[in-house]
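Numbering (this note's numbering), first residue to last: 4 to 365.
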Ligand SMILES: Cc1ncc(COP(=O)(O)O)c(C=O)c1O
């Protein structure tokens, strides 16, 4: 039999949140709310939808390799020069490009655990050695433990803040300390997929990038901007790092419908200010209710809330599925006994609390 590379055999398949189709088949219910993959329950901006529709008329042409208007709009909004910005096929692609461009066979790659599965996966794909660093007691990335785990073989560090699946973020002080202790021979990739939802003071990643530190800050249009299916993410880093990532990127990895919708989203800030405010209100409401009902809850800075349950998490997910809610048990992240729930408009949150109530009492 033809064998793949040993690293490929060691890779676990990605475990996604249950799809609506699968959930309907399993529960026998037609009416379900999917709160399992941290998508936006508010949907994309109407402007983005209009522009995506308009872009369909040109899909017989290849997209641009880099759509400069999107990089320029991001540059203006973020206060980062456009040459420091790279757009890709979701944050997922940018995370992978970092490993493909920088990790050599045998190099060590550090990543938080429990966290997003892509870090280990990208490491193995590049032939690197994955080294998991446990989260701290708050459920955030433990930057002191990351530094303590580094060796001369460490080449890349993935960080995730706010962290998935806990939702907790590290502080500006923790980040500054980390920067003072990490060598410039190590690329630090900060996955900021949930950055927009962070209400706590956030580290100044832009400043580190502008100072030329080897930091790649990864962002996405899949979460707040509601474009998960169109696959648009972006990263900010030094122009040299951006160029190296472009060398290993597929030339047409971002499709023209995605370019158009992402650009239009940036032209509609009022829509997203309103969505963000509702997200925060839902997070306060659910976290507050859960704590009051006696559940342990991580202090989330993301668009989801994760809490401890008194029964196996898959069993609780099944109970909730039978009552119309698709949620995410976190065993597959290496966090058994917890449930992660994506934020949704208030009436849905209230209905959900009604379904959670019996779990609190028994
Ligand atoms: C921490 C984290 N990073 C990256 C991603 C992937 O984002 P994208 O849809 O932009 O590829 C996700 C998606 O759930 C995520 O949770």
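All C-beta atoms, glycine included, are put in the ideal place defined by N, C-alpha and C.
C-beta contact flag for residue i and residue j at 9 Å
i           : j           : result
residue 116 : residue 137 : yes
residue 38  : residue 208 : no
residue 366 : residue 324 : Here the chain has residues from 4 to 365 only, and residue 366 is not among them.
residue 88  : residue 81  : yes
residue 141 : residue 187 : no
residue 44  : residue 332 : no
residue 341 : residue 312 : yes
residue 259 : residue 62  : yes
residue 338 : residue 169 : yes
residue 381 : residue 148 : As shown, the chain starts at 4 and ends at 365. That puts residue 381 outside it, with no answer to give.
residue 101 : residue 245 : no
residue 146 : residue 173 : yes
residue 40  : residue 231 : yes
residue 26  : residue 329 : yes
residue 46  : residue 225 : no
residue 257 : residue 240 : no
residue 65  : residue 298 : no
residue 286 : residue 309 : no
From the options, residue whose alpha carbon lies closest to that of residue i
i           : options            : result
residue 105 : 86, 79, 135, 159   : 159
residue 220 : 294, 189, 195      : 195
residue 250 : 91, 271, 192, 185  : 91
residue 327 : 97, 13, 32         : 32
residue 357 : 76, 282, 288       : 288
residue 235 : 244, 223, 243      : 223
residue 272 : 76, 100, 259, 24   : 76
residue 314 : 47, 284, 363, 262  : 363
residue 48  : 143, 304, 227, 177 : 227
residue 175 : 161, 155, 143      : 143
residue 201 : 237, 283, 343      : 283
residue 346 : 42, 334, 29        : 42
residue 59  : 281, 355, 352, 261 : 261
residue 213 : 242, 237, 229, 197 : 242
residue 336 : 275, 352, 294, 124 : 124
residue 296 : 361, 302, 274, 275 : 361
The alpha helix (DSSP H) enclosing residue i, as first and last residue numbers
i           : result
residue 292 : 272–295
residue 2   : Nothing in the structure corresponds to residue 2, since the chain is present only between 4 and 365.
residue 91  : Taken as a continuous stretch (DSSP letters only), residue 91 belongs to no alpha helix (DSSP H), being part of the beta strand (DSSP E) at 88–91.
residue 11  : 9–12
residue 181 : 175–184
residue 80  : 71–81
residue 242 : 242–251
residue 154 : Looking at the DSSP string, residue 154 is not in any alpha helix (DSSP H), and its letter there is neither H nor E.
residue 319 : 316–325
residue 210 : 208–213
residue 49  : 49–58
Run of the beta strand (DSSP E) containing residue i, from where it starts to where it stops
i           : result
residue 311 : 307–311
residue 192 : 190–194
residue 237 : 236–239
residue 125 : Premise fails: residue 125 lies in the alpha helix (DSSP H), 121–128, not in any beta strand (DSSP E).
residue 341 : 341–345
residue 115 : 111–116
Residue i Cβ short of 8 Å to ligand 2 heavy atom set
i           : result
residue 114 : For ligand 2, the structure offers nothing, since it holds only ligand 1.
Supposed contact pair residue j and residue i - C-beta distance, whole angstroms, cut 8 Å
i           : j           : result
residue 199 : residue 98  : No, residue 199 and residue 98 are not in contact; Cβ-Cβ is about 18 Å, not under 8 Å.
residue 50  : residue 270 : 6 Å
residue 206 : residue 178 : 3 Å
Residue i at chain D interface by Cβ criterion, 9 Å
i          : result
residue 14 : The structure shown has no chain D; it contains just one protein chain.
Review point. Counting pairs of Cβ atoms below 8 Å between the region 118–125 and the region 8–19, do you hit three or more?
Key: yes
Check your understanding: Are at least three pairs of beta-carbons, each pair with one atom in the region 305–322 and one in the region 5–12, less than 8 Å apart?
Key -> Verdict: no, contact absent.
**Study point:** Three CB pairs or more closer than 8 Å across the region 262–277 and the region 47–60
**Key:** yes
**Study point:** Cβ contact (3+ pairs, closer than 8 Å) linking the region 64–83 and the region 153–169
**Key:** Counting Cβ pairs under 8 Å, fewer than three are found: no touch.
Exercise for review: May I ask you to verify whether the region 107–116 touches the region 129–136, counting CB pairs closer than 8 Å and requiring at least 3?
Suggested key: yes
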